[in-house]
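K.L.:
Handing you a structure now.
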DNA sequence: AACGATCCCTGTTGGC
DNA sequence: TGCCAACAGGGATCGT
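In this note's numbering, the protein residues as written are 168 to 443.
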């Protein structure tokens with residue numbers, strides 16, 4: 168599942184191919200992929216003929232600065248991935264968007280479940296879109312424990328749910344949220360406001376290391392369908408996961424069987440002995 | 001305002 | 001073996 172490490176891996180792969188290049192051809196093949204533009208036809212129309220300036224990332228969004236103050240937004244959703252190919256290479260099924268650069272490189276968006284999208288927005292559109300509610304980036308702008316504690320205080324929502332709230336912190340998804348809580352030894356169902364100062368510090372302390380470890384291993388690829396790197400390789404972080412997807416297996420620390428429950432409608436994996 | 005539930009979508013999985 | 005319901009999940013939206 169593309170979360171911050173997978174999105175950042177994708178950005179780092181695309182940047183050398185796209186930055187400084189002109190998009191000579193752009194095609195949106197699936198209207199749903201362009202749903203975040205008022206007119207989905209604008210997605211391709213606004214990219215065509217324009218130069219890519221800088222590719223940035225905020226949370227799980229790739230935000231690419233284009234000529235004329237346009238922002239090219241890419242969100243991989245749940246099953247989306249980018250592919251770098253030659254224009255004549257065969258396409259994967261579910262290729263919903265294709266851009267071709269002035270160096271004759273094709274950048275394609277493959278997304279079976281269409282939860283992802285591609286948008287190209289003007290400054291005013293960007294300012295009025297939901298992106299303005301995005302919280303600080305979990306890797307680049309991680310708030311202090313004090314600040315994070317303030318965001319948690321008084322909240323009865325589960326800490327797991329709060330960590331997934333992109334308005335609080337942008338970048339964590341289901342896998343890495345579970346992994347952070349496992350290392351911090353905090354139960355995913357704990358009310359966010361009930362965490363002690365030390366527990367808030369522990370949660371905060373493990374956010375960067377977990378994300379950076381994911382990044383160092385090219386992200387997490389759960390199966391063939393899910394996220395792949397733009398060169399088609401699978402991410403290798405899967406084998407380093409401590410709790411996610413390990414329900415029924417022994418905890419690496421104490422041997423207790425890893426449990427799986429639903430928290431805020433999301434599957435949550437934890438050690439009932441280590442996490443309180 | 002805060003929170004939970006529901007929906008979108010389709011490939012995979014698990015139960016019968 | 002084959003069928004089909006359940007499941008996965010980020011984010012928008014709606015109801016309480």
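The beta-carbon is built from N, C-alpha and C at its ideal position, and this holds for glycine as well.
Predicted model only: the values in this text are computed from it and were never measured.
(1) How would you call residue 291, buried or exposed, if buried means at least 16 neighbouring beta carbons within 10 angstroms?
(2) Mapping the DSSP letters down to three states, classify residue 425 as helix, strand or coil.
(3) Does the Cβ of residue 324 lie closer than 8 Å to at least one heavy atom of the ligand NAD?
(4) Specify the secondary structure class of residue 335 as computed by DSSP and reduced to three states.
(5) Quick one: using the 10 Å Cβ neighbour count with 16 as the cut-off for buried, is residue 221 buried or exposed?
(6) Would you report the Cα separation of residue 413 and residue 171, rounded to the nearest angstrom?
(7) Who pairs with residue 229 in a beta bridge, going by DSSP?
(8) Does the distance from the C-beta atom of residue 247 to that of residue 198 stay below 9 Å?
(9) How should residue 407 be labelled, buried or exposed, when 16 other C-beta atoms within 10 angstroms of its C-beta is the threshold for buried?
(10) Within its chain, find whatever has a CB closer than 6 Å to the CB of residue 200; leave out the 5 residues flanking it on each side and keep chain order.
(11) Enumerate in chain order the residues of its own chain whose CB-to-CB distance from residue 330 is below 8 Å, with the five nearest sequence positions on each side excluded.
(12) Applying the 10 Å Cβ sphere with the 16-neighbour rule, what's the burial state of residue 443?
(13) If you run the structure through DSSP and keep just helix, strand and coil, what is residue 181?
(14) So, for residue 157: in the same chain, excluding its five sequence neighbours on each side, which residues have a beta-carbon less than 8 Å away from its beta-carbon?
(15) What whole-angstrom Cβ distance do residue 210 and residue 195 have, given they're in contact under 8 Å?
(16) Three-state secondary structure (DSSP) at residue 347?
(17) Does the distance from the CB of residue 218 to the CB of residue 230 come in under 9 Å?
(18) Give the straight-line distance between the Cα atoms of residue 368 and residue 268, rounded to the nearest whole angstrom.
(19) In three-state DSSP terms, what is residue 391?
(20) For residue 272, which residues from the same chain have a beta carbon less than 6 Å from its beta carbon, with the 5 sequence-adjacent residues on both sides left out?
(21) Determine the burial state of residue 193: buried for a count of at least 16 other Cβ atoms within 10 Å of its Cβ, exposed for fewer.
P.N.:
Working from what's here:
(1) exposed
(2) coil
(3) With respect to small molecules bound, the structure shown includes none, and the ligand NAD cannot be examined in it.
(4) coil
(5) exposed
(6) 21 Å
(7) 224 and 241
(8) no
(9) exposed
(10) 263, 264, 284 and 285
(11) 336, 339, 344, 347, 348 and 370
(12) exposed
(13) helix
(14) In the structure displayed, the chain extends from 168 to 443; residue 157 sits before or after that span and is not available.
(15) 5 Å
(16) helix
(17) no
(18) 46 Å
(19) The predicted model places residue 391 with a pLDDT of 43, which falls under 50 and marks its position as unreliable; any figure quoted below should be read in that light. Coil, per DSSP.
(20) 184
(21) buried
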